[in-house]
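The block underneath contains the structure these notes are about, expressed in structure tokens.
2 protein chains.
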Amino acid sequence: MALLVLKFGGTSVADIDKIRNAARHVKREIDAGNRCAVVVSAMAGQTNQLIAWVEDAARGRAANVDGHRENGESQGYDACEYDAVVSSGEQVTAGLLALVLQSLGVKARSWQGWQIPLNTDPVHSKARITGIQGDALRGQVLDGEVAVVAGFQGIAPDGRIATLGRGGSDTSAVALAAALSADRCDIYTDVDGVYTTDPRIVPQAQRMNRISYEEMLEMASQGAKVLQTRSVELAMQRSVPVLVRSSFDDADQDASADLAELGTLVCEEDEIVEQKVVSGIAYAPDEAKVTLIKVADKPGVAAGVFGPLAEANINVDMIVQNVSEDGRYTDLTFTVQSADLDRALDVLRSKKDEIGYGDLDGSTNVAKVSAIGVGMRSHAGVAAQMFHALSEKGINIQAISTSEIKISILIDAAYAELAVRTLHTLFGLDSR
Amino acid sequence: MALLVLKFGGTSVADIDKIRNAARHVKREIDAGNRCAVVVSAMAGQTNQLIAWVEDAARGRAANVDGHRENGESQGYDACEYDAVVSSGEQVTAGLLALVLQSLGVKARSWQGWQIPLNTDPVHSKARITGIQGDALRGQVLDGEVAVVAGFQGIAPDGRIATLGRGGSDTSAVALAAALSADRCDIYTDVDGVYTTDPRIVPQAQRMNRISYEEMLEMASQGAKVLQTRSVELAMQRSVPVLVRSSFDDADQDASADLAELGTLVCEEDEIVEQKVVSGIAYAPDEAKVTLIKVADKPGVAAGVFGPLAEANINVDMIVQNVSEDGRYTDLTFTVQSADLDRALDVLRSKKDEIGYGDLDGSTNVAKVSAIGVGMRSHAGVAAQMFHALSEKGINIQAISTSEIKISILIDAAYAELAVRTLHTLFGLDSR
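So the sequence lines, in the order shown, correspond to chains A and B.
Mapping the first sequence onto UniProt numbering, position 302 (from 1) lands on 302, and the numbers just tick up by one.
Mapping the second sequence onto UniProt numbering, position 401 (from 1) lands on 401, and the numbers just tick up by one.
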């Protein structure tokens with residue numbers, strides 16, 4: 001007997017038929033003698049409908065600045081009421097899945113965040129989990145009753161519902177798995193695992209059997225949007241093995257099948273036997289490059305540039321500063337999300353006098369490609385191999401950034417797919 | 001300053017524009033210096049959508065009779081999960097109305113049943129309120145913050161959400177008004193009050209300024225479906241004045257206007273100054289008549305007939321037993337809802353031997369018309385007046401039943417509208 005937490009995302013519970021399919025996955029585990037808690041998202045589309053209502057309801061608020069002020073006011077509405085409305089989506093799915101399970105003869109009961117309780121900090125609409133008092137729930141689960149938990153929500157210190165922010169259901173699931181000391185957290189989603197790169201670009205991409213938490217964090221933040229970053233951080237911190245698998249696989253297949261056949265297991269580095277040097281190639285097309293030309297090469301300039309950008313809530317990714325030729329001026333290049341480019345340029349123009357630069361240049365015509373692998377730690381020369389292969393294809397590298405387990409390059413967007421294919425082959429990731 | 005409970009039904013909060021209109025009613029009261037708690041239903045249509053999902057989710061349940069069994073199983077699904085799903089409709093409206101109020105500069109906070117808490121008995125999906133611990137809510141309201149309460153729901157002793165059954169939001173509102181010792185409970189709905197009879201039948205029907213609880217109970221159970229019967233019983237028991245008014249009236253009209261101009265006040269009998277003998281004429285077209293011919297005239301026969309009907313959950317209304325001519329046999333006539341007629345006949349046919357009757361006859365071709373008025377208590381001859389007027393129009397009375405404040409007659413359905421118009425004129429209810 002294993003204690004499992006299963007999580008189904010919005011597309012996996014989009015209608016009653018899909019909820020029925022999810023229930024068959026749960027029933028298979030129960031029939032195999034396992035004990036289950038299930039975390040569900042809202043039915044796909046419901047959350048957007050609820051948010052649209054909230055935004056419509058709060059319309060006209062700006063004209064009433066003397067009104068009631070609360071947390072989250074900056075979004076233009078009271079985050080506490082946003083939470084009360086939007087959390088209802090997961091509440092509905094949890095009840096419906098419990099009903100379907102009962103219709104299949106499986107004992108089940110729905111749990112909302114406040115019923116467990118799953119406690120959060122007071123930051124409504126972007127709350128973080130502070131603790132789960134899971135004893136009652138665990139007792140029921142060990143007793144053979146499936147606990148169907150509304151994801152994405154908990155109860156804040158003010159006694160009101162708090163949501164965890166978009167994608168928070170993954171985090172709910174991992175946190176619950178940790179609190180219950182579950183043997184594994186299975187994330188059922190609309191893909192069947194984590195691939196060595198985007199299969200739409202490289203048809204030879206392979207599903208990984210296993211990936212370490214660290215690599216998954218780099219893959220996820222690079223655009224392999226399978227698992228929410230916070231959930232991976234939490235899984236790493238609490239050593240929760242997470243299996244990413246498809247909810248659209250045959251729900252009746254043997255529960256005891258080899259995990260490697262079912263999806264990708266995100267786990268500790270030392271549980272991965274045949275570790276490659278590079279595990280995967282990530283690709284972020286939505287990058288934009290900003291270059292400040294002829295910036296004074298002196299202390300305080302970086303703060304002058306990046307401080308105002310941070311205040312404007314613009315995330316800066318790769319930063320490259322060339323060595324100054326004359327010791328007086330240099331060029332400063334960095335990347336932001338494409339969607340933030342115009343705002344970033346506006347901020348920098350408004351600060352031109354304080355920063356002091358010659359010219360400002362922005363371009364969305366770039367892509368970031370990264371090679372990721374914990375094996376890099378013990379293998380020198382990975383970067384050299386990479387640059388050599390790309391130069392052979394005539395691909396010019398505009399910027400480079402590295403971490404212990406990742407090498408990222410910024411290149412002309414036109415060459416992005418060629419670069420991904422080249423690196424995928426170079427590091428032996430193509431399937432035979 | 002008055003402490004008011006305002007209740008808005010589903011059609012009055014059907015979309016964000018209607019919610020905004022409801023908010024303007026609330027703001028008008030706040031601007032006039034009053035303190036408000038507001039009870040809301042789900043947006044019109046939402047509850048039906050949620051129930052449809054529940055029924056779809058529970059489909060196939062009948063094939064799994066060995067499965068999990070709970071309260072409410074007789075409906076084919078677990079009432080506890082039904083409650084978890086369906087209660088989300090009111091939760092959404094409460095949050096949205098709070099947001100709209102804030103956008104108008106009015107301090108507001110939503111409250112779900114479990115947050116107040118509003119306690120219920122354990123009968124999920126048809127729960128009754130057992131108590132309201134309204135101190136925290138009352139404190140906030142007296143402090144000037146509008147409490148927007150999700151109607152139709154509370155928390156059961158098992159710590160789970162319980163709904164009060166269809167129309168339960170009226171009961172939520174009256175119970176909250178009683179718990180807060182509110183000065184009045186205003187029910188905003190899609191009609192502007194209670195009329196002396198159905199204005200679609202009698203164009204001269206008038207809106208009543210006031211009606212006693214007792215009369216309202218008779219009117220409501222007779223088909224004037226403005227207020228849920230349980231809410232009127234509760235208002236009577238706890239002496240809560242209830243004002244029925246239209247949510248589509250001009251929301252900005254003077255809050256201190258004469259109540260008589262705003263709608264119909266349901267109140268104690270002695271607060272009604274100019275009491276007429278008959279206050280209103282009610283009309284129930286959906287009646288069916290059942291006659292058992294040649295039934296033995298001996299003790300126990302009535303129990304033999306009505307026991308099995310009660311077991312089959314069929315409500316019997318008017319019962320007439322003729323005096324037996326020969327002391328041995330008699331005829332027994334009673335009415336049921338039209339929708340129940342076939343089931344009632346089936347039950348009686350299956351019990352023919354036990355009951356012992358000559359023949360069985362059923363007809364939906366009848367209507368019930370009632371004259372209602374607390375003034376009848378002190379006025380003899382109302383029934384005689386009524387029968388005389390009807391006989392002058394050639395209307396044959398098939399059955400009669402009376403209470404202290406009501407006389408009901410059963411007639412051929414073809415004459416129902418003529419009978420209503422005749423009685424409305426007879427008792428001086430036509431507007432000039």
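All residues carry an ideal CB built from backbone N, CA and C; glycine is no exception.
* Asked: Between N71(A) and chain B, is there a C-beta pair that is closer than 9 Å?
  -> Because the pLDDT at N71(A) is just 41, under 50, the model does not fix this residue reliably, and the value given afterwards should be weighed accordingly. No, its Cβ sits nowhere closer than 9 Å to a Cβ of chain B.
* Asked: Taking just the CA atoms, how far does I411(A) sit from I132(A)?
  -> Put simply, the backbone Cα of I132(A) is about 45 Å away from that of I411(A).
* To do: Could you work out which residues of chain B lie near G159(A), taking near to mean beta carbons separated by less than 7 Å?
  => Q115
* Beta-bridge partners of T402(A), as assigned by DSSP -> I407(A)
* To do: Within its chain, find whatever has a CB closer than 7 Å to the CB of V244(A); leave out the 5 residues flanking it on each side and keep chain order.
  => I187, T189, G193, V194, V226, L227, G263, T264 and V266
* So L97(B) and I30(B) are in contact, right, with Cβ under 8 Å, and what is the actual spacing, rounded? -> Rounded, the Cβ-Cβ distance is 13 Å, inconsistent with contact.
* Asked: Going by DSSP, what residues sit across from F8(B) in a beta bridge?
  -> V40(B) and Y188(B)
* To do: Can you grab the Cα-Cα spacing for the pair S391(A) / A310(A), in whole Å?
  => 35 Å
* Where does the unbroken beta strand (DSSP E) through M376(A) begin, and where does it stop? -> That residue, M376(A), is in no beta strand (DSSP E); it is neither H nor E in DSSP.
* Asked: What do you get for Q153(B), buried or exposed, if any count of 16 or more other CB atoms within 10 angstroms of its CB means buried?
  -> Buried is the call here.
* How many whole angstroms separate the CB atoms of S125(A) and D83(A), which I take to be in contact at a CB cut-off of 8 Å? -> Confirmed, Cβ separation roughly 6 Å.
* Simplified DSSP state of S350(A), which is helix, strand or coil -> Under the three-state reduction of DSSP output, S350(A) falls in the helix class.
* Alpha-carbon to alpha-carbon, L118(A) and L99(A) -> 22 Å
* **Spatial neighbours of A260(B) in its chain, beta-carbon cut-off 6 Å, leaving aside the 5 residues before and after** => N209
* Can you grab the Cα-Cα spacing for the pair Y357(A) / I409(A), in whole Å? => So the alpha carbons of these two residues sit roughly 25 Å apart.
* Spell out a yes or no on whether the segment 317 to 328 of chain A and the segment 340 to 360 of chain A are touching, meaning 3 or more CB-CB pairs, one atom from each, closer than 8 Å. => no
* To do: Using a cut-off of 7 Å between C-beta atoms, extract the partners of Y77(A) located in chain B.
  => L99
* Could you give the residue range of the alpha helix (DSSP H) that holds residue 433(A)? -> Outside the modelled stretch of chain A, which goes from 1 to 432, sits residue 433(A), for which no answer is possible.
* **Coarse secondary structure for K27(B), derived from DSSP in three states** => helix
* Asked: Which whole-angstrom value describes the C-beta separation of A108(A) and V146(A), a residue pair presumed to lie in contact below a C-beta threshold of 8 Å?
  -> 4 Å
* Asked: Hey, I405(A) and E215(A) are a contact pair by Cβ (cut 8 Å); roughly how many whole angstroms apart?
  -> 6 Å
* Apart from the five residues just before and just after N64(A), which ones in its own chain have a Cβ nearer than 7 Å to its Cβ? -> Only weak support exists for where N64(A) lies, its pLDDT of 44 falling under 50; the coordinates are left without a value.
* **chain B contact residues for I16(A), given Cβ-Cβ distances below 7 Å** => W53, D56 and A57
* Entirely within the segment 146 to 227 of chain B and at least 4 residues each: give me those alpha helix (DSSP H) ranges in chain order. => Segments of the alpha helix (DSSP H) lying fully in the segment 146 to 227 of chain B: 168 to 179 and 213 to 221.
* Asked: Taking the alpha-carbon positions, what's the A339(B) to P285(B) distance?
  -> 12 Å
* Below 8 Å CB to CB, which residues in the same chain sit around R35(B) once its five sequence neighbours on both sides are set aside? => So the list reads M1, A2, L3, L4, V141, L142 and G144, once near-sequence residues are dropped.
* Beta carbon proximity, A156(B) to chain A, threshold 9 Å -> no
* Asked: Does the beta-carbon of N21(A) have 16 or more other beta-carbons within 10 angstroms, so that it is buried, or is it exposed?
  -> Result: buried.
* Asked: For V278(B), which residues of its own chain have a beta-carbon under 6 Å away from its beta-carbon, when the five flanking residues on both sides are left out?
  -> Exclusion of the five residues before and after V278(B) leaves A371, G373 and F427 as the residues of its chain whose Cβ lies within less than 6 Å of its Cβ.
* Asked: Are any of the Cβ atoms in chain B nearer than 9 Å to that of C80(A)?
  -> Yes, because at least one Cβ of chain B sits closer than 9 Å to the Cβ of C80(A).
* Asked: Nearest-angstrom Cα distance between residue 493(A) and Q206(A)?
  -> For chain A, the structure presents residues 1 to 432; residue 493(A) sits outside this window and is missing.
* Say whether chain B places a C-beta atom closer than 9 Å to the C-beta of I19(A). => yes
* Asked: To which residues of the same chain is I155(B) closer than 8 Å at the C-beta, ignoring the five residues directly before and after it?
  -> G113, W114, P117, L118, N119, T120, I161 and A162
* For G72(B), which three-state DSSP category applies? -> The predicted model places G72(B) with a pLDDT of 41, which falls under 50 and marks its position as unreliable, so this point remains unresolved.
* To do: Name, going along the chain, the residues of the segment 22 to 54 of chain B whose beta-carbon falls closer than 8 Å to a beta-carbon of chain A.
  => L50, W53 and V54
* Under a three-way DSSP split, which group does Y82(B) fall into? -> Secondary structure at Y82(B): helix, using DSSP grouped into helix, strand and coil.
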